[in-house]
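Below: the structure, in structure tokens.
Residue numbers (mature numbering (1 follows the signal peptide of the UniProt record, and there is no 0)): -21 to -1, 1 to 224.
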């Protein structure tokens, strides 16, 4: 099994704070209280203020100030702030991209149970960004995120088990992971689940379930699912056609 094809599938995927006092008079009472709490060291207030600045909600978008407040909350142990700060470092959103800092904050958030951080940490190990490629470690973090209901991690585990990538090939396990992600609306998982039912991989062949899951994925614009639905219709009419894998 070559690395590149499956990797392609799996990867579908500080600063000083300006003083805020000058603008506080024009802010609604709730924002003034939030700002005051952040300045007094309340980690939750720092995280919320950072997120508002990052998203441009209620305040003008300001990634530099967002990073400042998120880092203060992250240093206080807030896992959501740690995750958001890691994403900023990974993407270079308003700050210089720094994969080492991204890894640092993803690890801290992941160890505190943040599913998004666990998933993204898995991505970094899979891609070998900032660390050596370690498919086993990627799978370990995906498993932790998947257990918390993260659909992307569930889908990735489905791929890994279907193709024997980093784990022993296990079509039954692949089917189970795809199903969990598909039930949450993940279109690629829905399409792959449809294909497993169409072929009878890891289960008995069930064209009714194949059509159902292809239809769910097709409704979300998945081109492969749309094509495979047509293939099933042609087969039902007696024409020979091949499913797209």
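Glycine included, every Cβ here is placed at the ideal spot set by N, Cα and C.
Where the alpha helix (DSSP H) through residue i begins and ends
{"i": "residue 175", "result": "166 to 178"}
{"i": "residue 108", "result": "Careful: residue 108 lies outside any alpha helix (DSSP H) and carries neither H nor E."}
{"i": "residue 151", "result": "150 to 162"}
{"i": "residue 42", "result": "42 to 54"}
{"i": "residue 27", "result": "22 to 34"}
{"i": "residue 139", "result": "130 to 142"}
{"i": "residue 87", "result": "78 to 90"}
{"i": "residue 61", "result": "58 to 70"}
{"i": "residue 215", "result": "202 to 215"}
{"i": "residue 187", "result": "186 to 198"}
{"i": "residue 73", "result": "Counting along the chain, residue 73 falls outside any alpha helix (DSSP H), and DSSP gives it neither H nor E."}
{"i": "residue 118", "result": "114 to 126"}
{"i": "residue 19", "result": "Unbroken run through residue 19: none, as it is neither H nor E."}
Residue closest to residue i, alpha-carbon to alpha-carbon, out of the options
{"i": "residue 82", "options": "49, 64 and 43", "result": "64"}
{"i": "residue 117", "options": "125, 105 and 124", "result": "105"}
{"i": "residue 89", "options": "126, 120 and 147", "result": "120"}
{"i": "residue 183", "options": "150, 45 and 130", "result": "150"}
{"i": "residue 142", "options": "126, 127, 101 and 180", "result": "180"}
{"i": "residue 71", "options": "45, 15 and 94", "result": "45"}
{"i": "residue 215", "options": "57, 50, 187 and 111", "result": "187"}
{"i": "residue 62", "options": "35, 94, 76 and 75", "result": "94"}
Contact under 8 Å by Cβ, residue i with residue j
{"i": "residue 59", "j": "residue 26", "result": "yes"}
{"i": "residue 39", "j": "residue 73", "result": "no"}
{"i": "residue 211", "j": "residue 177", "result": "yes"}
{"i": "residue 128", "j": "residue 78", "result": "no"}
{"i": "residue 96", "j": "residue 48", "result": "no"}
{"i": "residue 126", "j": "residue 136", "result": "no"}
{"i": "residue 115", "j": "residue 145", "result": "yes"}
{"i": "residue 175", "j": "residue 157", "result": "yes"}
Anticipated Cβ contact below 8 Å, residue i with residue j, distance rounded
{"i": "residue 170", "j": "residue 147", "result": "Incorrect: roughly 24 Å between the Cβ atoms, too far for contact."}
{"i": "residue 31", "j": "residue 23", "result": "About 13 Å; that fails the 8 Å criterion."}
{"i": "residue 52", "j": "residue 29", "result": "6 Å"}
{"i": "residue 134", "j": "residue 165", "result": "5 Å"}
{"i": "residue 163", "j": "residue 130", "result": "4 Å"}
{"i": "residue 68", "j": "residue 80", "result": "4 Å"}
Own chain, CB closer than 6 Å to residue i, minus 5 neighbours either side, in chain order
{"i": "residue 193", "result": "173, 204, 207 and 208"}
{"i": "residue 159", "result": "133"}
{"i": "residue 100", "result": "85, 89 and 120"}
{"i": "residue 196", "result": "166, 169, 170 and 204"}
Sequence-distant residues of the same chain with beta carbon closer than 7 Å to residue i, five excluded per side
{"i": "residue 199", "result": "166"}
{"i": "residue 139", "result": "118, 145 and 146"}
{"i": "residue 123", "result": "97"}
Cutoff 8 Å; reference residue i; Cβ partners in own chain excluding five residues on either side
{"i": "residue -18", "result": "Interpretation of residue -18 is limited by its pLDDT of 43, a score under 50 that renders its predicted location unreliable; no figure is taken from the coordinates."}
{"i": "residue 76", "result": "68, 69 and 70"}
Chain B within 8 Å of residue i, Cβ atoms only
{"i": "residue 102", "result": "Any reference to chain B falls outside this structure, which holds one protein chain only."}
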